[in-house]
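Trainee: Numbering (the working numbering), first residue to last: 1196 to 1277.
Set out below in structure tokens:
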């Protein structure tokens, strides 16, 4: 096994975690909080509407974490090839 393999794997893992958390944070704070506040004040008519909106926001966050992890891994792999 290549001695640098473990450090590269650790860097990729860190890139995945930071990418997922970073994109998730940006989308949550920049987009979902604004939409959630607007929806709660203007469109929601019952607790059921808010529960459904929360579930949709949670699904969007999960997708952002996955996409951010993929993006972080891709960036680290590009950086390591240099």
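Heads up, the beta-carbon is just placed ideally off N, CA and C, and yes, glycines get one too.
Using the three-state DSSP reduction, which class does residue 1202 fall into: helix, strand or coil?
Mentor: Looking up residue 1202 in the chain shown gives position 7. DSSP places residue 1202 in helix when its eight states are reduced to three.
Trainee: Which value, in whole angstroms, describes the spacing of the CA atoms of residue 1243 and residue 1205?
Mentor: As a first step, residue 1243 is located in the chain shown; it is residue number 48 there, counting from the start. As a first step, residue 1205 is located in the chain shown; it is residue number 10 there, counting from the start. For residue 1243 and residue 1205, the distance between alpha carbons rounds to 43 Å.
Trainee: Relative to the alpha-carbon of residue 1260, which residue among 1225, 1220, 1270 and 1208 has its alpha-carbon at the smallest distance?
Mentor: Along the chain shown, one-based indexing puts residue 1260 at 65. Among 1225, 1220, 1270 and 1208, the Cα nearest to that of residue 1260 belongs to 1220.
Trainee: By the 10 Å Cβ neighbour count, where 16 or more other Cβ atoms means buried, how is residue 1137 classified, buried or exposed?
Mentor: This structure cannot speak to residue 1137, because the chain is shown only from 1196 to 1277.
Trainee: Are the beta-carbon atoms of residue 1239 and residue 1248 separated by less than 8 Å?
Mentor: The residue labelled residue 1239 in the question sits at position 44 within the chain shown. The residue labelled residue 1248 in the question sits at position 53 within the chain shown. In contact: residue 1239 and residue 1248 (Cβ atoms closer than 8 Å).
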